[in-house]
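Participant: With mature numbering (1 follows the signal peptide of the UniProt record, and there is no 0) applied, the sequence shown corresponds to residues -18 to -1, 1 to 760, in that order. The structure follows.
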Amino acid sequence: MRFSLISTLLAFGTLSQAFNQGAVNAFNRVHPRRHEQKRAAIPEQPIIEKRHKKSKFLNKHSEKFVVNGSAIPEVAFDVGESYAGLLPISQDPDEERKLYFWFFPSTNPKVGNDEVVIWLNGGPGCSSLSGLLTENGPFLWQAGTLAPVPNSYSWTNLTNVIWIEQPVGVGYSQGKPNITNEVELGKQFIGFWKNFINTFEMKGATTYITGESYAGFYVPYIADAFITANDDDYYKLGGVAINDPILGDSALQQQAVIYPFIEYWSNLLYLNQSYMNDLRWTHQHCGYEKWLEKYAKFPPPEEKFPVLPDPYADTNPNSNYTCDIFDYAYTAILDSNPCFNIYHITDTCPFPYGQLGIVNQGDYSPPGAKVYFNRTDVKKALNAPVDVTWYQCTPNKVFGFGDPKSNRSDTSLAPAQNEVLQRVIEHTNNTIIGVGRLDFLLPPNGTLFAIQNATWNGKKGFQKYPQDKNFWVPFHIDYNQGRMSEEGIVGQWGEERGLTWYEVQLAGHELPGYSAGSGYRVLEKLLGRIKNLGTIENFTTQPACGYPADLPTSTTVKRIQPKGTGRLKGKARKDAKGMPALSASQSAVSPVDTTPKYIIAIKDFILLAGYIFASTKPVVSVPKSLAETIDRVIYVRSKFSVQTAEHDVELDEKSNATHNYFVGALEQVRSVLRPCMPAVTPHYESINDLTNRFSGLNVYEPWHGFLDASDYVRPEKAQNDESTHEAEPQKTFEDAIFAYIALLDDLTNVRSHIKNIRENYKHGFYDLATAAVITHWY
């Protein structure tokens, strides 16, 4: 079957639609007009769909939370249907503690009111609105960008999503914090959630809880509160997903693993040898190296891992700040990169301006700039209390009764250190934990080793290293340059006993923000839309690859007629009398061809190429014939618009844009398949190159093998595969005359080259053998 797919791609060269230059070329941005034409001709699926005429969520209880999606300050487009405001954390009518939320129903028409995803940022004390605005919301305003843009990878494309500011004391939320641990936080959260479900009439909906960073505490404990409540009307838990989480003790997740992390990225971080020697010494003498040698194994030792001393703990008599290798390394890195971003280590100067205010090292807000969510007009648009000062991360201690000077912190054990994470995994068998490998704050191995200390579904930790499979993001074309995504193999993943682990190579701490396609794919896995993170197929919100060949032409509707007798009438009957009788074989009805036949849409060529590239059983090699055909078609078609313009042919903009889109797709196909293609034969441009190449040739009689050699070896058709695949026809002006133009172009080129060869032979630049070989080449 796979060789049949290659044959399909080979058909690109013989079809009248070859692709035009643009979509993959890194320098395409210097051609804005072409880019706009492509968008006009092949529009992407709208990011923000028109609102439902009759919303599933609008009722007498929810109407006060309606947000006008076309009146959000600074947002130049309609973000669609949404609801925002405050709901109490209990059913007490006098309850003063309330959590703020912003709820977006899905734009996916297949999604009803029977599922919802919760997103939580961490901190503790940080607002989930930062995740909405910079990571996975319907619109984004990321640091360093001019204005909000639609998010092509909004999680609302897949399902209903709610961003919640919690616990009490965070963001716009109201009331005085009074919790000291995660169990109390969970109880307050489920009180809020019951009110939300009642308000939007979603009883029985399956809830998926997601988040990042300190949500490594929030998500498991809230999920455990759902499980303990044992009420599917309000707390039906479908699964959880956490990226870059804190799950164990900080000494393990930061101190013990930071030196190996720095070694891995040493060429990027570029610390001098003196710093590296100091870090290595500390790593060894503080016991981190021995700890990793003993416990960082797959499967892990059955004994519980000992807790490493915390170098920050004042109450620890063995506290030794010289073992604070994490902060020492961070300070050292600032010498080589003063704009080092602890959340995304590839960042360099300058600091980008962000809309969410200053919270961490590297956050930049120019003088006079206003924090977006602290603007009065924004608060009014989002049904938020106008008298609240909004912080991305509150200075008040949410586990210290709101006192900014309090030394109190979360007293809960980390969820991987007790049975909380275990209960969540075993209850859902749908738990996903992942990390970005560019995250310095919580390096990947620290999180993985914290998990290795947990037991679930009868065994402790992962039994084998959970990175034996490739994490696959579908190949695609991004039109929205304000929100683009990686594609292909982006990292690795593994899965055991209901827990999926993944790592994304070029993502940082806020993984869905840095790696949109990966975050989107993880949510598809969480929702059960794909089997696993290695699934090689389109995003589920894209059309399927290929469709039956008869569909595009089935445009007429057959009327139901009474069954005829088969007897001819009138002139037809008279003419039939004079015709010779048919034999039995001639009169027999021709058998219906049942061979499957599919049309491959242009937009799916890239996905098809990705499928071929990823094939391992067997590994597929792209024939030289296909590589040359793709190169030739791109070369000829790239000049097509210019040639037609030179001949005073007025181009139809829509047709020309379709043409450009087609070539752009083929360029991306070539890019994807390049590793599978044979080495490219060098082209010799100058006379000197040619004469040097053939100066030692003295044989004037060509070898018979040279003359009889085939131009290329055609790929064999796979056995037991009768399906045929054809490229989707495009009936445009360019396609109608392409073959004629291409033929003339080839003829002109051949004549020009032969003439040039003869002239060079005439003037003594080539000898006879060289001229003969070059002529045969053309």
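Here a beta-carbon is modelled for each residue, glycine too, at the ideal position from N, C-alpha and C.
Keeping to the same chain, check which residues put their C-beta closer than 7 Å to that of Tyr496; ignore five residues upstream and five downstream.
Facilitator: Residue numbering aside, residue 496 sits at position 514 when the sequence shown is read from its first letter. The answer, listed in chain order, is His326, Gly418, Ala489 and Gly490.
Participant: Just to confirm the assignment, what range does the beta strand (DSSP E) spanning Val486 have?
Facilitator: Here residue 486 refers to the residue found at position 504 of the sequence shown. Per DSSP, Val486 belongs to the beta strand (DSSP E) from Leu481 to Val486.
Participant: Return the residue from the list Asn378, Thr376, Gln124 and Arg357 that minimises the CA-CA distance to Asp369.
Facilitator: Translated into the one-based positions of the sequence shown, residue 369 becomes position 387. For Asp369, the nearest C-alpha among the options comes from Arg357.
Participant: Hey, could you find the ends of the alpha helix (DSSP H) Val239 is sitting in?
Facilitator: Position 257 of the sequence shown, counted from the start, is the residue given in the question as residue 239. Ala238 to Tyr246 is the extent of the alpha helix (DSSP H) around Val239.
Participant: Is the Cβ-Cβ distance between Ala311 and Leu261 less than 7 Å?
Facilitator: Along the sequence shown, read from residue 1 onward, the residue named residue 311 stands at position 329. Along the sequence shown, read from residue 1 onward, the residue named residue 261 stands at position 279. Closer than 7 Å, so yes.
Participant: Starting from Tyr277 and walking both ways along the beta strand (DSSP E), at which residues does that stretch end?
Facilitator: Translated into the one-based positions of the sequence shown, residue 277 becomes position 295. Run containing Tyr277: none in the beta strand (DSSP E); it sits in the alpha helix (DSSP H), Tyr270 to Tyr277.
Participant: Between the Cα of Ile612 and the Cα atoms of Val645, Gly592, Val601 and Arg465, which residue gives the shortest distance?
Facilitator: Residue numbering aside, residue 612 sits at position 630 when the sequence shown is read from its first letter. Of the listed residues, the one whose Cα sits closest to Ile612 is Val645.
Participant: What did DSSP end up calling Glu478 once you bin it into helix, strand or coil?
Facilitator: Residue 478 sits at position 496 when you count from the first residue of the sequence shown. Glu478: strand per DSSP, three-state reduction.
Participant: Identify the residues that DSSP records as bridge partners of Phe85: which are they?
Facilitator: In the sequence shown, the residue the question calls residue 85 occupies position 103. Answer is Tyr65 and Ile144, bridged to Phe85.
Participant: Taking the alpha carbon of Ile736 as the point to measure from, which residue in Ile756, His745, Ala724 and Tyr82 has its own alpha carbon closest?
Facilitator: For this step, residue 736 is matched to residue 754 along the sequence shown. The option with the nearest alpha carbon to Ile736 is Ile756.
Participant: Comparing C-alpha positions only, which one of Ile588, Cys658, Gly94 and Arg619 sits nearest to Lys606?
Facilitator: Counting from one through the sequence shown, the residue named residue 606 turns up at place 624. Per the Cα distances, Cys658.
Participant: According to DSSP, is Phe738 helix, strand or coil?
Facilitator: Numbered from its first residue, the sequence shown carries residue 738 at position 756. Here residue 738 turns out to be Asn, not Phe, going by the sequence shown. Helix, per DSSP.
Participant: Which value, in whole angstroms, describes the spacing of the CA atoms of Ile471 and Ser597?
Facilitator: Taking the sequence shown and counting its residues from 1, one reaches residue 471 at position 489. Taking the sequence shown and counting its residues from 1, one reaches residue 597 at position 615. Distance between the alpha carbons of Ile471 and Ser597 is about 12 Å.
Participant: Is Thr611 close to chain C, meaning its C-beta is less than 7 Å from at least one C-beta of that chain?
Facilitator: You won't find chain C in this structure, because it holds only one protein chain.
Participant: Check whether the region 382 to 397 and the region 461 to 478 are in contact - that is, three or more C-beta pairs closer than 8 Å.
Facilitator: No: the two stretches stay apart, fewer than three of their Cβ pairs being nearer than 8 Å.
Participant: Name the one or two DSSP bridge partners that Leu219 has.
Facilitator: Taking the first residue of the sequence shown as 1, we reach residue 219 at position 237. According to DSSP, which records beta bridges pairwise, Leu219 is partnered with Thr189.
Participant: Taking just the CA atoms, how far does Tyr154 sit from Thr482?
Facilitator: Residue numbering aside, residue 482 sits at position 500 when the sequence shown is read from its first letter. Residue numbering aside, residue 154 sits at position 172 when the sequence shown is read from its first letter. Straight-line Cα distance between these residues: approximately 34 Å.
Participant: On the three-pair Cβ rule with 8 Å, is the region 400 to 411 touching the region 372 to 381?
Facilitator: No, because fewer than three Cβ pairs between the region 400 to 411 and the region 372 to 381 fall closer than 8 Å, the two stretches do not touch.
Participant: As a quick exercise: from Leu590, Glu477 and Gly516, pick the residue whose alpha carbon is nearest that of Asn452.
Facilitator: For this step, residue 452 is matched to residue 470 along the sequence shown. Checking every option, the nearest Cα to that of Asn452 belongs to Gly516.
Participant: Would you check if the distance between the CB atom of Pro320 and the CB atom of Tyr335 is smaller than 7 Å?
Facilitator: Taking the sequence shown and counting its residues from 1, one reaches residue 320 at position 338. Taking the sequence shown and counting its residues from 1, one reaches residue 335 at position 353. Not in contact: Pro320 and Tyr335 (Cβ atoms no closer than 7 Å).
Participant: Note down the Cα distance separating Val239 from Gly62, rounded to an integer number of angstroms.
Facilitator: To locate residue 239, count along the sequence shown from 1; it is residue 257. To locate residue 62, count along the sequence shown from 1; it is residue 80. If you take the alpha carbons of Val239 and Gly62, they lie about 44 Å apart.
Participant: Just to confirm before moving on: does the CB-CB distance between Pro159 and Gly151 stay below 7 Å?
Facilitator: For the purposes of this step, residue 159 is identified with residue 177 of the sequence shown, where counting begins at 1. For the purposes of this step, residue 151 is identified with residue 169 of the sequence shown, where counting begins at 1. It is a contact, given that the beta carbons lie within the stated cut-off.
Participant: Shortest alpha-carbon distance to Phe422 belongs to which of Lys272, Ile191 and Thr313?
Facilitator: Here residue 422 is taken as the residue at index 440 of the sequence shown, counted from 1. Considering only alpha carbons, the answer is Thr313.
Participant: DSSP three-state call for Glu492: helix, strand or coil?
Facilitator: The residue given as residue 492 occupies position 510 in the sequence shown. Correct three-state label for Glu492: coil.
Participant: Using three-state DSSP, classify Leu253 as helix, strand or coil.
Facilitator: In the sequence shown, counting from the first residue as 1, residue 253 sits at position 271. In the structure shown, Leu253 sits in coil (DSSP, three-state: anything other than H, G, I, E or B).
Participant: Could you tell me the alpha carbon to alpha carbon distance between Pro132 and Leu140, rounded to whole angstroms?
Facilitator: Position 150 of the sequence shown, counted from the first residue, corresponds to residue 132. Position 158 of the sequence shown, counted from the first residue, corresponds to residue 140. So the two alpha carbons sit approximately 15 Å from each other.
Participant: Can you give me the start and stop residues for the beta strand (DSSP E) that Thr358 sits inside?
Facilitator: What you label residue 358 is simply residue 376 of the sequence shown in a count that begins at 1. Unbroken run through Thr358 is the alpha helix (DSSP H), Thr358 to Ala363; no beta strand (DSSP E).
Participant: Could you tell me which of Thr188, Pro227, Gly198 and Ser195 sits nearest to Phe208, measuring between CA atoms?
Facilitator: Looking up residue 208 in the sequence shown gives position 226. Considering only alpha carbons, the answer is Thr188.
Participant: His43 to Ile191, Cα distance in whole Å?
Facilitator: Here residue 43 refers to the residue found at position 61 when the sequence shown is read from its first residue. Here residue 191 refers to the residue found at position 209 when the sequence shown is read from its first residue. Straight-line Cα distance between these residues: approximately 24 Å.
Participant: What residue does the alpha helix (DSSP H) around Val201 start on, and which one ends it?
Facilitator: Looking up residue 201 in the sequence shown gives position 219. That run of the alpha helix (DSSP H) goes Ala197 to Ala211.
Participant: Touching or not, the region 226 to 235 and the region 278 to 292, by the rule of three or more beta carbon pairs under 8 Å?
Facilitator: Short answer: they touch.
Participant: Would a C-beta distance cut-off of 7 Å place Leu68 and Gln156 closer than the cut-off?
Facilitator: Numbered from 1 along the sequence shown, position 86 holds the residue referred to as residue 68. Numbered from 1 along the sequence shown, position 174 holds the residue referred to as residue 156. In this structure, Gln156 lies closer than 7 Å to Leu68 by Cβ.
Participant: Distance check for Glu275 and His267, CA to CA, integer angstroms please.
Facilitator: Translated into positions along the sequence shown, residue 267 becomes position 285. Translated into positions along the sequence shown, residue 275 becomes position 293. For His267 and Glu275, the distance between alpha carbons rounds to 14 Å.
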